[in-house]
Every structure is written in structure tokens, then in C-alpha cells.
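Q: Below is the structure I would like to discuss, written out as C-alpha cells.
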Amino acid sequence: MTTTTAPVTGVGAAAHADSGLWSWITTVDHKRIGVLYGVTAFIFFLIGGLEAVLIRIQLVRPENTFVSPDVYNQLFTMHGTTMIFLAIMPLSASFFNYLIPLMIGARDVAFPRLNAFSYWVYLLGAIFLNLSFFLGGAPDVGWFGYSNLTSKQFAPGVGVDYWAVGLQILGIASLAAGFNFIVTIINLRAPGMKLMRMPVFVWMTLVTSFLIIFAFPVITVALVFLLFDRMTGTNFFIPAAGADPVLWQHLFWLFGHPEVYILILPAMGIVSDILPTFSKKPLFGYPVVVYSGIFIGFMGWGVWSHHMFSVGLGPVADSFFALTTMLIAIPTGVKIFNWIATMWGGRIDLKSPMLFAVGFIALFIMGGLSGVMHSSPPADLQQTDTYFVVAHIHYVLFGGSIMGIFAGIYYWFPKMTGRMLNERLGQLHFWLTMISMNVTFFPMHFVGLLGMPRRVYTYAPNMGFDQMNFWSTVGVFGIVLSVLVFIWNVLHSRSRGAVAGRDPWGGPTLEWAIPSPPPPHNFATVPTVHSRDPLWEKDGEQIVRTANERRGPIHMPPNSYWPFLGALGMTMLLSGMVYGWWVGIPGLILMLVAFYAWAFEPVH
Amino acid sequence: MAVAAHSTAHEHEHPTSTGLNSRKLLFWAFLGSECLFFGSLIATYLVYRGRDQVGPHPHEILNIPFTSVSAFVLLMSSLTMVLALAACQRGNQRGTAIWLAATALLGATFVGGQVYEFTEFFMHGLTLQKNLFGCTFYVLTGFHGTHVTVGVIWLLTLFMLALRGRLPAHKALDVEIAGLYWHFVDVVWIAIFTLIYLIQ
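For the record, the sequence lines run as chains A and B. Throughout the first sequence, residue numbering follows my numbering, covering 265 to 868 in sequence. Throughout the second sequence, residue numbering follows my numbering, covering 1310 to 1509 in sequence.
Take a look at the structure:
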């Protein structure tokens, strides 16, 4: 075991490189991996956004011919798949990576190389999925890929193969990250940081990670069946052989509903940590917020069939899932009241992170209310497959997840870069987003209730849809503008923004005890924690001193290129299902070599 | 799998918050995840049972005496796995090597039995595409067989390490984690054997 003064040591020629492409490929530093996740996911957020813009242009007026029905199907499928798997989940993962070790007082995650592996698998899987646009057509069956629309008979092209294999690859990335963060949070906490002293974001990451490791195997099995059906001619979803296509729906939504919470819980965690800082008050009812999050995590497994009311599962199943769905609204409501009570009587400072956090609460309430409406099967039957549902998911995923993520970016950008984002541009970004988001999605409630079906490439004139679709399209350009403001703000501020210093917001949690940006080893000495908001306590000064005062040797894991090669091999192996054995077999060999080299790589 | 088999990276490095070893904890989480994986496969088999439009049907070709023997072989491999771990913890590398080899051999025998069974069924007309029994049975037991095969490769890797004297007592955790995986695969087989072979 070596004692290193240089923060990062490495194996091989790249030993001390800390800049340049090679250093990024071999990095195992959770902060750099967090940045990689964030930048990559934001690029895919833009790609998914571009797909949405094209969809809205097509729908700007009735009987438009901007894109063909076939391209339209590809666009909405890839928009949904991209936003869920390539944008929101990895944006959350970016926060997990960057913040969890800082918040719990650790020097890195429990398995740094596994962490790098997760990122590379995600990147390669995302590229693979999007290659389909250029190599035979993107998937066109909806992000939920209902059977037997996905069968060889009805989807003869390669799009569905890309979709199924791509999701398998991405699933491996999520699973590896899930295991890693469970162990990190359970095992790598600073002395004194009991579970009930962890920041809420850490708690929500823990719940999310458990949801990931239990939900993804289910979709893995469903996709295995689908791939067997398509590649070998089995009958898992072929009704003629006695199979029941509804099996796909059960497996998909048994994954899909926990997935909804995988998308929203991290944003709830972010907001729960931002509100106290900008209200200058500890979080109201911390234990109840945590227990509500855990309860949502459990209940998320018992509501999946509310996505399937229109299947006709019978009154008993419908009643059961209606009740569980109504029940899960309770912990969500509890959280909302706790957030409001946190602000109540506080000295509220409406800086941009706080604006986005408050915007999150407002929009998420609206998305939550339309969600509760779906819990009633008769109401749901009217709303299924209409724009009402599109409005609902965008209020919870855009108004919820994305607003929460933007709040987090404004809050922690100073920690990550050492520079403040421009506040005026931040306010402009917020108001543009808030207004155009509502212009885009609010009318969808009404066109939905009027009966406009989703996932259809056009509509007839004079059905009462024209005006509202026009405004939805106008709104989407407002969102584009707001994102451009944000991008300009980031590009400008990362080099020329005001210097942030250690703790620009007066935050209570451990990440604010160390310099911005943090040194590679995070904490010179890991401090002992005695409370939930350590920096707000009497011994806060002492904790800051300890965190920056070197008292002993620091061991950091060396860089490694094996995670990247293992990820490359695994992606090649799985993409061989589409491209053929000449990609799959070399991939298998590369993967095995990389895994063995990884296993026996000296790490001290 | 190789992830967990890696050398003793973190073993003596950091004391953890819970006192549990991080690799072991990761592996327990992984096995929890695997429960859902096999659970979904088994549930699908059960949901589709008796819905075949054409034969062969399970009761016509499942050979319970034969599979009972191979199930017995696999269960015995859990015993040898325990003995391998015990030998390793005592610092007996020779014994570790012997018991690891025995475990791998029993596992390989089980996989061999599965290859024979699949061939027999194929001869009797049960292809992957024939009916729902064919696809659900082959995919479920095939994934289990793949898990056993991965386990055999893992055990052989540890066996090579033990032969070269690279599994001293302080590396017993490497054997223990492989053992966790191996016992899990055994337990899954108990569920499969009971639900698919014994309860028809």
C-alpha cells in the first residue's frame, strides 16, 4: 500500500496525467465521472428536446405534412426513450456521482472502477440506441413497446431490435450504479453520520438505488423474451401459440412504475436539500419526509396495473390498483406539505435554485393531481391514450424531475466549478421555463379531455384541437429559448462567473465544508458528524477546519482503463445481436479479458 | 461476476460504517436483484403452464428420476463449497484447491446433465419454437445453466489461485463471495425443480 501525496496515482503510462482525453477515459474519480454523466446526459436532453420540437412542428396545424407518419412514430418513441433513459436518469446519476460521497463524508464511492464502468456502458449504449436513426430506422413502437406491436410480424425492421438491445445495455449501467450507491451509502458514511442524519438527497438516492436493482431485472427478463421472439422465433408474446401479450404489459409496468419513482425521487431529494438553505430553516419534519420517501419506494411496487385499466383486468384487480394508487398520493402529499412548512416563517431568499425548487413544488402538485385522477378506473378509461396523459407525464417529468434537476444545477454548480452561475440569467431562465412550460403542456389537458389521441401523427381540423395545439407549439419554442439562455449562462459562467468560495449559499451539509471545486480526495480529514445540519451547528466551524486539515496519509484509487474496455466489450457483445457474430464474439473476448484484468489489477 | 472476484482491494483498507465488508454487501444486493430476475422467469413459466396449443407437454417428457440425480449433484456441490471455504479460512490451501475442484466438477456434471436433458427433449420434438412450454422451459433453465457455468468458471479461477498459493486465509472472503453466488444458484434450482418438475 503506497502513501500518495499526489492525489491520484495510476497504473501504466498514464500514471500522473490529470488532463487530456486519456485521463478522462481512465478516471475513477466520482466527481469527474459525475461531470461526464452530466454533460453526456445534457447532450441527450438536447437531442430528446429536438425530437420534441419536430413533433410539435408536425402538430402545429391539422393535417400537417412536416414529417411522415413513420418518422413521427420514430420521433415520439425516441423522445420518450431518450428523455427517460438517456437524459433524466443519467442527469440524476450525475448528481449521485458528484454529491453522494461529498454529502456523506467519503473520498469516493465504494467501487470507483465499477462506477467508471457504469458511465461507459451508459455512453456506449446511448450511442448504440441512436445509431438506429442512421442504420435502418429508429424504433417506432412507443417507449413502452407493447407486444405484439413489437413482434417480427408487425415490426419487421431493425428499430425494435435496437430498442430492446439498447435498453438491455443501459440496464446494465443502471444496475451497476445501483449496487454501487447502495453500498456507498450504507458503508462509507463519515463517523457519526447515522442513517437519520443523512441529507434527504442521500436518502432518496438510496431508495432510488434499491428501486433500480429490483425493477431492472424485470424489464431485463421482458426484453429477453422479446429478443428471443424476434431473433429465434419463440412464442412468448405470440397469441396464436396461446401466449398472452398482456404478460408484456405486466412485466413492463412492474418495472415501469418503480421507474417513475426512479425518475422523481432524486429530484425530490434535491428540492428537500435546497429549500432549507434558502429558507434558513431546517427541513420541516425530516423523519416524515424520509419515511414518506421509503413508503413511496415500497408502494411503487403495488400500483403498476393502473397503467392497464383499459385492458379489462376485472373489477377486483381494478379496485385494488385504484386503492393503492390513491394511497400512494398520501406520502407524496405529506412531502409537499413538509416542503411548504419548511418555507413557512423562514427567511426566504428567492435565488435561482430556490425559484426552481418552488417551481418544482407548484408544477409537481399539478402533475400529481392529474395523476390521482387516473387512479379512478372510469375516469382513467376516458383519459387513457389521450393528450391528458401526455400533460400529466410532462407535469411530473418536466415540471417535476427537470425543474428539480435545474434547481440542483444552480445550487451545486458553484461547488462543481468554483464559479457562480449568473443570477439574472438564472431568473430569466426560470421565468421563461415556467411560462413556456405551462403554455406548452397546460392546453394538452383540454385537448386530451376533448378526445385527441396521443401518438397519432396528425388530427382533423375543426375538432376544437387547432388553437390549443398551436399554442403548445408556440410554448415549445419558449422552452428552447430558455434552454439556450441556460447553456449560455453555463458556458459564460464556468470561466467568468463570480468566484463562489467554499460555501456561497450558507448550506448546512458536508459538501459545503470543503473548497469549490473540491480537491480530488474531497476531505483532507473526514470530520465527525453530530447532527443533521452539521455546518449550522455550534461545531460547524470545527467541522470545516477538520475537513480541510491534513492529518494523515490519503489513499486514492489509481486510474484504470479496464472499466472502459470492459464496457466496450460488453456493448459489442450485446450489439452483436443486431450486427452479427463478427461484432459479438470479439466483444465477448474483449469483455472477458477486461474483466479478468480488472479483477487482478493491483490497486495499491 | 469478475467484479466481485477481484483481488482483495478494499479488504483491509477502510473500516466501514456498518462493519460489513463492502464487496460482500454489494454481492448480497446483487443476489437480491437476481431474485427478481429468476422470479420473473419462473412466474412466466407458471402463468403459461397448460396453455400450449400443441405438445409435447411437461408430463410427457420431464424425466424426474434423472433430474433428481442431477439436482442431488448440485446440492452436494454446496457442501463441497462450504468445505472449500472452511479449508481456506484455516489456511489450508491444498484442501481449498481440492474442494474447489470438487465443487466445479459437480457443477460441471450438473451442466452436463442439463445438456443431455436438452438433447433428449429436442429428440422428443420439444424445440424452443414448438410451444409455450418449450420457450419458457428452455429460457428459464437455460439461464440457470448459464449461471452455473459462470460459477464453474469462477470456481476454476479460484482453484488456479489456490494451486499457486494465492488464497491464504486472509483472502477467504474471495472464496466466501463465490460461495454466496454458488449457494444462491443452488437455491434457485430447488425452486425450479420443485415448481417445474415436481408440481406439474
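For glycine and all other residues, C-beta sits at the position ideal for the given N, C-alpha and C.
Would a check of beta-carbon distances place B/C1444 closer than 9 angstroms to chain A?
A: yes
Q: If you pair each beta-carbon of the stretch 713 to 723 of chain A with each one of the stretch 794 to 809 of chain A, do three or more pairs fall below 8 angstroms?
A: no
Q: Thinking C-beta only, is A/L852 closer than 9 angstroms to A/V429?
A: Result no, Cβ atoms of A/V429 and A/L852 do not sit closer than 9 angstroms.
Q: So B/G1434 is in the alpha helix (DSSP H); what residue range does that whole segment cover?
A: Taken as a continuous stretch (DSSP letters only), B/G1434 belongs to no alpha helix (DSSP H), as it is neither H nor E.
Q: For a contact meaning CB atoms closer than 8 angstroms, what does B/Q1509 contact in chain A?
A: Using a Cβ-Cβ cut-off of 8 angstroms, B/Q1509 is close to nothing in chain A; its nearest Cβ partner there is about 17 angstroms away.
Q: Who does A/P717 pair with in a DSSP beta bridge?
A: A/T650
Q: Does the distance from the C-beta atom of A/I592 to that of A/G566 stay below 9 angstroms?
A: Between A/I592 and A/G566, the CB-CB gap stays under 9 angstroms.
Q: Count the other CB atoms, across all protein chains shown, that sit within 10 Å of the CB of B/N1440; report buried if there are 16 or more and exposed otherwise.
A: buried
Q: For B/L1441, decide whether its Cβ has a neighbour in chain A, counting only Cβ atoms nearer than 9 angstroms.
A: yes
Q: Is A/I669 helix, strand or coil by DSSP?
A: Three-state DSSP puts A/I669 in a helix.
Q: In angstroms, rounded to a whole number, what distance separates the CA positions of A/W862 and A/V744?
A: 43 angstroms
Q: What is the DSSP secondary structure of A/N812, counted as helix, strand or coil?
A: Note: A/N812 maps to coil in three-state DSSP.
Q: According to the neighbour-count rule (16 or more other Cβ atoms, all chains shown, within 10 Å of its Cβ), is B/H1479 buried or exposed?
A: exposed
Q: Please decide whether B/S1342 counts as near chain A, where near means a Cβ-Cβ distance under 9 angstroms.
A: yes
Q: Does the beta-carbon distance from A/G728 to A/A655 come in below 9 angstroms?
A: no
Q: Just the Cα atoms here: how many angstroms apart are A/M347 and A/F309?
A: 6 angstroms
Q: With H, G and I counted as helix, E and B as strand and the rest as coil, what does DSSP make of B/N1401?
A: In the structure shown, B/N1401 adopts coil according to DSSP, grouped into three states.
Q: When you compare the stretch 419 to 427 of chain A with the stretch 448 to 456 of chain A, are there three or more beta-carbon pairs, one atom per stretch, that lie closer than 8 angstroms?
A: Touching, no, given that fewer than three Cβ pairs across the two stretches are closer than 8 angstroms.
Q: Measuring CA to CA, which of A/T606, A/F677, A/W467, A/K545 is closest to A/P779?
A: A/F677
Q: Would you please state the rounded distance, in angstroms, between the beta carbons of A/F624 and A/A586? I believe it to be under 8 angstroms.
A: At roughly 27 angstroms, the Cβ-Cβ gap does not stay under 8 angstroms, so A/F624 and A/A586 are not in contact.
Q: If you measure beta-carbon to beta-carbon, which residues of the stretch 672 to 688 of chain A are closer than 8 angstroms to chain B?
A: none
Q: Less than 9 angstroms between CB atoms is the rule here; does A/G442 satisfy it with respect to chain B?
A: yes
Q: Please report the residue range of the alpha helix (DSSP H) in which A/M630 lies.
A: Boundaries of the alpha helix (DSSP H) harbouring A/M630: 616 to 638, taken from the DSSP string.
Q: What does the alpha-carbon distance come out to for the pair A/T267 and A/V553?
A: Note that A/T267 scores 37 on pLDDT, short of 50, meaning its location in the model is unreliable; the coordinates nonetheless yield the value given after this. Distance between the alpha carbons of A/T267 and A/V553: 42 angstroms.
Q: Using a threshold of 9 angstroms, state whether the C-beta atoms of B/L1489 and B/F1346 are closer than that.
A: With contacts defined by Cβ atoms closer than 9 angstroms, B/L1489 and B/F1346 do not form a contacting pair.
Q: On the DSSP bridge list, what partners appear for A/R683?
A: Paired residues: A/V763.
Q: Answer with yes or no whether the minimum CB distance from A/M841 to chain B is below 9 angstroms.
A: Contacts with chain B at 9 angstroms (Cβ-Cβ) do not include A/M841.
Q: With distances taken between CB atoms, is the gap from A/L645 to A/F573 smaller than 9 angstroms?
A: yes
Q: With a threshold of 8 angstroms, are at least 3 pairs of Cβ atoms found where one atom belongs to the stretch 348 to 364 of chain A and the other to the stretch 292 to 307 of chain A?
A: yes
Q: How would you call A/S473, buried or exposed, if buried means at least 16 neighbouring beta carbons within 10 angstroms?
A: buried
Q: On the three-state DSSP scale, how would you describe B/I1462?
A: helix
Q: Report the option in A/P784, A/V790, A/A531 whose CA atom is closest to the CA atom of A/S283.
A: A/P784
Q: What residues in the stretch 435 to 459 of chain A have a beta carbon less than 7 angstroms from any beta carbon of chain B?
A: L439, F443, I446, V447, I450, N451, L452, R453
Q: In terms of residue numbering, what span does the alpha helix (DSSP H) encompassing A/N394 cover?
A: 376 to 395
Q: Apart from the five residues on each side of it in sequence, which residues of its chain come closer than 7 angstroms, Cβ to Cβ, to B/A1393?
A: Result list for B/A1393: T1405, W1408, L1409, T1412, V1484, in chain order.
Q: Mind checking if A/I849 is an interface residue toward chain B, Cβ cutoff 9 angstroms exclusive?
A: no
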